[in-house]
Amino acid sequence: MFIDSAVIEVSSGKGGAGAVSFRREKFVVKGGPDGGDGGNGGDVYFLVDKNSHTLSAFRGRHHIKAKNGRPGEGRKRHGKKGESATIVVPPGTQVFDEESGELLFDLVEDGEKVLFLKGGKGGLGNWHFRSATNQRPTYAQPGLPGETKKVRLELKLIADVGLVGFPNVGKSTLISTISNAKPEIADYEFTTLTPKLGVVQVDEFSSFVMADIPGIIEGASDGRGLGLEFLKHIERTKFLLFMVDLANYREIQTQYETLKQELANFSDTLKERPFAIALTRADAVDLEQKREEIEAFISSFSTKEGVGENLYKFDEAYGYFLQDIDAYEREKPFFIAPLSSVSKINLEAIKYALNSVVDRIKKDER
Numbered sequence: 001m002f003i004d005s006a007v008i009e010v011s012s013g014k015g016g017a018g019a020v021s022f023r024r025e026k027f028v029v030k031g032g033p034d035g036g037d038g039g040n041g042g043d044v045y046f047l048v049d050k051n052s053h054t055l056s057a058f059r060g061r062h063h064i065k066a067k068n069g070r071p072g073e074g075r076k077r078h079g080k081k082g083e084s085a086t087i088v089v090p091p092g093t094q095v096f097d098e099e100s101g102e103l104l105f106d107l108v109e110d111g112e113k114v115l116f117l118k119g120g121k122g123g124l125g126n127w128h129f130r131s132a133t134n135q136r137p138t139y140a141q142p143g144l145p146g147e148t149k150k151v152r153l154e155l156k157l158i159a160d161v162g163l164v165g166f167p168n169v170g171k172s173t174l175i176s177t178i179s180n181a182k183p184e185i186a187d188y189e190f191t192t193l194t195p196k197l198g199v200v201q202v203d204e205f206s207s208f209v210m211a212d213i214p215g216i217i218e219g220a221s222d223g224r225g226l227g228l229e230f231l232k233h234i235e236r237t238k239f240l241l242f243m244v245d246l247a248n249y250r251e252i253q254t255q256y257e258t259l260k261q262e263l264a265n266f267s268d269t270l271k272e273r274p275f276a277i278a279l280t281r282a283d284a285v286d287l288e289q290k291r292e293e294i295e296a297f298i299s300s301f302s303t304k305e306g307v308g309e310n311l312y313k314f315d316e317a318y319g320y321f322l323q324d325i326d327a328y329e330r331e332k333p334f335f336i337a338p339l340s341s342v343s344k345i346n347l348e349a350i351k352y353a354l355n356s357v358v359d360r361i362k363k364d365e366r
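Numbered per the working numbering, the sequence shown spans residues 1 to 366.
Take a look at the structure:
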């Protein structure tokens, strides 16, 4: 089961109490106090592990607690430190304070380990309180309590390319065709109920990660449909691929503007994300009859047509690179091209084009 949100209470361990003890041995006249210190309580850590993909491990698990420190003993023996608790989360997990809503950690890198709560300090044994005027101290410190916090874990998937579109436009078919993801595919809306990640292998040395989320409908940013719950999973993507259905009863321009507006309503960050547009189900329509509508849609971006010399070319009749990779403007689509995952129309071309622009964005971020 895919779970991307969880609320848990987390506690570090209590420190062990110091010991009250006196050395009593035969032939040892001046024994004196010898109570050892208590051990510190266990700490709480968060650890990022790329082998975990959801927060399902926290389903039904409401309290995670580190072990308490052991009390001190006689002969100045220190108590053992409490065992720490390590909370393993997938990359892309954000940790919020449930009470204040403050973002505490944004855990992205695999292997990243952060200290969240420090265990309580162990108490001092009575050996520390001896003095010339108090040679038989009967007092030892109790251990300090640990910390407790209620936190909310939110998972936002990390991908290079995020697929955005209405239900049943071919997102799942595309990701299943060009990547290792195996989502459910059927001829009805909302077959995708949970986000899916897939690795697209371009060649022996190049690959990128693609994310498919449930279809967005008009009003998704206000809570309609499944879109709102999963829109957060494309907030971290470097690039968006809008999938607009050529066989839909709505015009291309209307579909695109609705999707763009829902993203803008949800997040200002998503509104500024670089993007391209795939015109899906190209095998289900007569492209020649759609040419006028496609060209009108392209001209709406007021971008001069042209194919960069270093780019993989689309079908010359219907696929358009609107920008050269070396002079790429993020506010305009990188390309607009018809696509059919079933009939393989422009499938390889779009795969190579996406890889090119993802590489460019990664270089710009360095």
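Built from N, CA and C at the ideal position, the CB exists for glycine as well. As the structure is a computational prediction, the values presented were derived from the model and not from experiment.
Run the CB neighbour count on residue i, radius 10 Å, all protein chains shown included, and call it buried at 16 or more, exposed below.
i, result
"Glu262", "buried"
"Lys65", "buried"
"Arg281", "buried"
"Glu73", "buried"
"Gln135", "exposed"
"Phe205", "exposed"
"Phe409", "Any property of residue 409 remains undetermined from this structure, which presents the chain solely from 1 to 366."
"Ser299", "exposed"
"Thr93", "buried"
"Ser12", "buried"
"Gly101", "exposed"
"Gln253", "exposed"
"Asn40", "buried"
"Lys50", "exposed"
"Ala186", "Low local confidence applies: a pLDDT of 39 at Ala186 is under 50, so the model's placement there is unreliable, with the coordinate-based value given in what follows. Its Cβ having fewer than 16 others within 10 Å, Ala186 is exposed."
Between the C-alpha atoms of residue i and residue j, what's the straight-line distance to the nearest angstrom?
i, j, result
"Lys196", "Leu157", "9 Å"
"Glu251", "Ile277", "14 Å"
"Ala247", "Phe334", "23 Å"
"Glu288", "Pro338", "12 Å"
"Ala159", "Pro91", "11 Å"
"Phe116", "Ser84", "11 Å"
"Leu163", "Gly82", "46 Å"
"Asp283", "Thr258", "24 Å"
"Val244", "Gly119", "53 Å"
"Gly42", "Val10", "12 Å"
"Lys67", "Phe46", "16 Å"
"Lys304", "Ala353", "Low per-residue confidence applies at Lys304: pLDDT is 48, beneath 50, and the placement is therefore not dependable, though the value from the model is reported in the following sentence. If I take the Cα positions, the gap works out to 18 Å."
"Thr370", "Gly146", "The chain is shown only over 1 to 366; residue 370 falls outside these bounds and no answer can be derived."
"Ile361", "Thr269", "16 Å"
"Ser356", "Thr173", "22 Å"
"Phe369", "Asp359", "Because the chain spans 1 through 366 in this model, residue 369 falls outside it and cannot be assessed."
"Ser343", "Ala57", "40 Å"
"Gly60", "Lys271", "36 Å"
"Ile8", "Lys150", "6 Å"
"Asp364", "Phe275", "15 Å"
"Glu112", "Val202", "28 Å"
"Tyr249", "Glu98", "44 Å"
"Ile350", "Val114", "39 Å"
"Ala132", "Asp110", "56 Å"
"Val169", "Lys332", "22 Å"
"Gly165", "Ser341", "15 Å"
"Phe242", "Val108", "25 Å"
"Ser267", "Lys260", "11 Å"
"Asn126", "Gly143", "13 Å"
Quick test of your reading: residue i and residue j, contact by CB under 8 Å. State the CB separation rounded to the nearest angstrom.
i, j, result
"Arg130", "Pro33", "5 Å"
"Gly18", "Leu124", "5 Å"
"Ile234", "Val200", "Rounded, the Cβ-Cβ distance is 16 Å, inconsistent with contact."
"Gly38", "Gly79", "4 Å"
"Ala211", "Thr237", "6 Å"
"Arg291", "Leu240", "Rounded, the Cβ-Cβ distance is 25 Å, inconsistent with contact."
"Ala6", "Leu153", "5 Å"
"Phe208", "Val161", "6 Å"
"Gly35", "Gly69", "That belief does not hold up - the Cβ atoms of Gly35 and Gly69 are roughly 15 Å apart, past 8 Å."
"Thr155", "Leu279", "The amino acid at residue 155 is misidentified as Thr; the sequence shows Leu. Going by Cβ atoms, the distance from Leu155 to Leu279 rounds to 32 Å, so no, they are not a contact pair."
How is the beta strand (DSSP E) around residue i delimited, first residue to last?
i, result
"Leu197", "196-201"
"Ser5", "5-11"
"Ala211", "207-212"
"His254", "Rather than His, the amino acid found at residue 254 in this sequence is Thr. Element bounds for Thr254: not the beta strand (DSSP E) but the alpha helix (DSSP H), 252-266."
"Arg152", "148-155"
"Gln94", "93-97"
"Ala337", "335-338"
"Ile345", "Careful: Ile345 lies outside any beta strand (DSSP E) and carries neither H nor E."
"Arg121", "According to the sequence shown, residue 121 is Lys rather than Arg. Segment: none, Lys121 is in no beta strand (DSSP E) and carries neither H nor E."
"Thr237", "Careful: Thr237 lies outside any beta strand (DSSP E) and carries neither H nor E."
"Gly162", "161-165"
"Thr280", "275-280"
"Ile87", "85-89"
"Leu103", "103-107"
What residue does the alpha helix (DSSP H) around residue i start on, and which one ends it?
i, result
"Ala296", "287-299"
"Lys171", "171-178"
What do you reckon, is the C-beta of residue i under 7 Å from a heavy atom of the ligand COA?
i, result
"Ala159", "Ligands displayed in this structure: none; no statement on the ligand COA is therefore possible."
Hey, is residue i's beta-carbon within less than 8 Å of any beta-carbon in chain D?
i, result
"Gly32", "Of the chains in the structure shown, none is chain D; there is only one protein chain."
Checklist entry - Can you list the beta strand (DSSP E) stretches of 3 or more residues lying completely in the segment 24-81, in chain order? => result 44-48, 63-65
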